[in-house]
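Asks:
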Amino acid sequence: MATDLIEIDSEDPSAEAVSRAAALIRKGGVVAIPSDALYTLVADPMNLQAAGRVFRAKGRESSRGLPLLIRDLMMAEELTSEVTARFYLLARHFWPGPLTIIVPAASKVPLRVTGMTGRLGLRQPKSVVAQRLLEHLGQPIISTSANISGQPTGRTGIDVFASMDGSIDLVLDGGLCSGEGATTVD
6 MATDLIEIDS EDPSAEAVSR AAALIRKGGV VAIPSDALYT LVADPMNLQA AGRVFRAKGR
66 ESSRGLPLLI RDLMMAEELT SEVTARFYLL ARHFWPGPLT IIVPAASKVP LRVTGMTGRL
126 GLRQPKSVVA QRLLEHLGQP IISTSANISG QPTGRTGIDV FASMDGSIDL VLDGGLCSGE
186 GATTVD
């Protein structure tokens, strides 16, 4: 399988690029996008084959969960079995932004996505690309760094393409991402 690359404006991605990425995700594909600070792999968390492809592309241990990007608090509430006052406080203060909040997963979330723990990382991104994808899909998406586990994350779409060509379907290249990954709170 050859990986495609589409150059985009990360602050104003074309509707065509977002639609193409969304169509691939709906079919079980894996796409790399520029996110808040780093490139991230996105896929459908409810599709076990798609989740498996993310694990394989990264060489990631299946005991490590896959965080999800969500559109809003309502989507977050649907994915957790327990919403606490602390969760709301953190989400309202830091979202959208690079904070991943660990919550007990709702029963509809595949156990494989939680790394067999029943716990799930949720984040509402600031990234325009991620927001538009979430709006287009109307569902959460897996979000994990676009790299082989243990290796540095690519800072550009070309870096990601070079390291993951053949193991993912598409890279939306929005240029340079310079930042740190999200902070995680349990």
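Quick note on numbering: the sequence shown equals residues 6 to 191 in our numbering. Backbone N, C-alpha and C define an ideal beta-carbon position, used for all residues, glycine too.
#1: Is the CB-CB distance between residue 71 and residue 147 below 7 Å?
#2: Looking at the structure shown, is residue 24 part of a helix, part of a strand, or coil, going by DSSP?
#3: Between 82, 44, 140, 161, which has its C-alpha nearest residue 126's C-alpha?
#4: What are the start and end residues of the beta strand (DSSP E) that includes residue 177?
#5: In the structure shown, what three-state DSSP assignment does residue 163 receive?
#6: Taking residue 47 as part of the beta strand (DSSP E), name the residues at either end of that continuous run.
#7: Cβ atoms of residue 177 and residue 38: under 7 Å apart, would you say?
#8: Tell me residue 126's beta-bridge partners as DSSP assigns them.
Replies: So, from the listed chains and residues:
#1: To locate residue 71, count along the sequence shown from 1; it is residue 66. To locate residue 147, count along the sequence shown from 1; it is residue 142. Going by C-beta atoms, residue 71 is nearer than 7 Å to residue 147.
#2: As a first step, residue 24 is located in the sequence shown; it is residue number 19 there, counting from the start. It is helical.
#3: On the sequence shown, position 121 is the one that residue 126 refers to. Nearest C-alpha to residue 126: 82.
#4: As a working note, residue 177 is residue 172 in the sequence shown. Residue 177 -> beta strand (DSSP E) spans 175 to 178.
#5: On the sequence shown, residue 163 is found 158 positions in, with the first residue counted as 1. Correct three-state label for residue 163: helix.
#6: Locating residue 47 in the sequence shown gives position 42, counting from the first residue. Boundaries of the beta strand (DSSP E) around residue 47: 44 to 48.
#7: Translated into positions along the sequence shown, residue 38 becomes position 33. Translated into positions along the sequence shown, residue 177 becomes position 172. Closer than 7 Å, so yes.
#8: Counting from one through the sequence shown, the residue named residue 126 turns up at place 121. According to DSSP, residue 126 shares a beta bridge with 107.
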